Each structure stands twice: as C-alpha cells, then as structure tokens.
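As structure tokens, the structure follows; a few thoughts come after it.
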Ligand code: NAI
C-alpha cells in the first residue's frame, strides 16, 4: 500500500487533465498537494475537488515558463511547510505543425513551457532536496520524444526532458534524490480531445490495449515513483501507454 502521509508535493499544470489526476491521486494517498497552474480558476477547482474527497491541498498560481514564478512557488512551499518532498513537472503545451510550416513563436512557446519550465522548477527544488538528502522528482515527457510528425518542437522539448532527467539522476543519486520521467502514450485529456476524429481513431489503432489511457493510469505510476517503494529507482524513462511504444 502506497502511503504519502506527511509528504509535501507540488504538481504543475494541475488545473485539469493529467495534472489534475496526479494531484488527486497523490492527495488520496495522504500527501498535501500544492496544486499549481497558470490558470487560477481551474487550480482552485482541483483543490476543491481534493478537499471534497477528504484530502488537503492549496492552489498556487505559477507560469512555469517564468523563472521567477517557478522559484517563488518552490520557496513559498518550503517556507510554509518546511520542506518539499515530491515535485511532479507536468505542465505542458503543444503547438503542432509540420516543420516547414512551424513558426518561430510556436517553437519558442513550446520550449519555454515544456523544457525551460521543467528546468525552472527543478533548479530551486534540487538545491533544497540535495541539502535534505531526500526527494522525488517525476518529469512528464511523452512517447513523442522519439519523434512524431507535426511535433518537432514538442518532441525536441520532450527529448530534452529525458536528457535532463537522466543527468539529474546521475548528479543527485548520492544525495538520495530520485529523478524519473514518464512517457504517457495517448491519454484522454483536453489536449488530445482537440485532435480530429480521424487522428483519434488512428492513434487508438496503434495502441495494443485498444484504448486511450486515463489520467489515473498515469497518476498510478507517478504515485509509485513518489513513494518509498521506489527508493532504488532513478533515471528511468517509463512508458505508460498501453503498449503504444514497444
Ligand atoms: P492539458 O492541456 O489537458 O493540461 C495542461 C495543463 O497545464 C493545463 O491545466 C494548463 O493550464 C497547464 N499549463 C499550460 N501551460 C502552463 C504554464 N506555462 N505553466 C503552468 N501551467 C501550465 O494537457 P494534458 O494532456 O493533461 O498533458 C499534461 C502533460 O502530459 C503535458 O506535459 C503533456 O505534454 C504531457 N503528455 C500528454 C499526453 C496526452 O496524451 N494527453 C501524452 C504525452 C504527454
């Protein structure tokens, strides 16, 4: 049984979709969750949902693309709760287009959020976790890090997340801080609901388990990696995709 009682966790992009599912799962296992999102309204909704189910959580609005905002939320958490045990870097966006049609702006926005945002959050967090000699970081990459048509910006950023994760795992292993990455396959959230029906059907046809994943499917893996039961697992890149990448 996974028990996260007394753990303090930050989940970015937790206002909806996968981040919401992750925040709710960690809270259901006893963690106090800082529900972070650039969108204040949805962050508060997730907090209310957690509280209705008997968990504890608070909202903290943060745009991870902004280094100062990311530093502030980590500092706020440590000053208010004395520590940060778990950091889940989930916030992400897509701006899909074929490479020859991709604008500089679409490239840059995805980089700002999907890779720079992870660095902005990890940088202050690892200073604290190194000193405490304890911590868990889970970064959300994507099956697309291996390359996907129309996602040059997104794939490059998510591949960056894998490199960042493995490097941090090497640097922090002796400090008892684990750093792992999850590669969700095709998960049923607002992000994927935006694709046309024919693309949805094509994606499902590529999944051996024959269905899109749910936010909870991903959250279950993250709760394990955040727990004491995963003490000796670091630097791993775990596919949660119903067999989409084999
Ligand atoms: P979503 O679009 O449903 O939710 C993303 C959340 O992140 C939203 O609440 C949004 O407000 C927040 N957000 C966006 N920009 C932000 C910023 N700059 N700072 C803070 N929060 C920000 O997306 P979904 O599907 O839940 O994706 C979550 C993560 O999983 C993303 O990193 C995405 O790239 C990744 N992913 C999703 C897959 C899927 O099939 N849905 C597959 C593989 C990876």
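Residue numbers (our numbering): 4 to 249. Glycine included, each C-beta is placed from N, C-alpha and C at the ideal position. Bear in mind the structure is a predicted one, so any value in this text is a computation, not a measurement.
Heavy atom of the ligand NAI within 6 Å of residue i beta-carbon
i           : result
residue 158 : no
residue 145 : yes
residue 192 : yes
residue 189 : yes
residue 223 : no
residue 16  : yes
residue 11  : no
residue 64  : no
residue 93  : yes
residue 96  : yes
residue 198 : no
residue 116 : yes
residue 68  : yes
residue 178 : no
residue 206 : no
residue 153 : no
residue 19  : yes
residue 220 : no
Neighbourhood of residue i by C-beta, 6 Å cutoff - its chain only, sequence neighbours within 5 removed
i           : result
residue 72  : 65, 66
residue 5   : 32, 226, 230
residue 183 : 141, 228, 239
residue 88  : 10, 11
residue 275 : As displayed, the chain neither begins before 4 nor continues past 249, which places residue 275 out of reach and without an answer.
residue 84  : 11
residue 170 : none
Buried/exposed call for residue i, threshold 16 Cβ in 10 Å
i           : result
residue 29  : buried
residue 44  : exposed
residue 138 : buried
Own chain partners of residue i with C-beta closer than 8 Å, once the 5 adjacent residues on each side are dropped
i           : result
residue 93  : 14, 15, 16, 17, 21, 22, 25, 143
residue 150 : 158
residue 109 : 98, 100, 156
residue 224 : 185, 241, 243
Cβ pair residue i, residue j closer than 7 Å
i           : j           : result
residue 90  : residue 140 : yes
residue 163 : residue 118 : yes
residue 81  : residue 63  : no
residue 198 : residue 157 : no
residue 200 : residue 217 : no
Neighbourhood of residue i by C-beta, 7 Å cutoff - its chain only, sequence neighbours within 5 removed
i           : result
residue 209 : 247
Neighbour flag for residue i against chain C, beta carbons, 7 Å
i          : result
residue 57 : Of the chains in the structure shown, none is chain C; there is only one protein chain.
Original post:
Quick one: complete alpha helix (DSSP H) runs, 4+ long, within the region 128–185?
Top reply: Counting only runs of 4 or more, we get 155–175.
Subject >> Segments of 4+ residues assigned as alpha helix (DSSP H) that fall wholly inside the region 195–229 >> reply: Listed in chain order, the alpha helix (DSSP H) runs fully inside the region 195–229 are 200–208, 218–228, counting runs of at least 4 residues.
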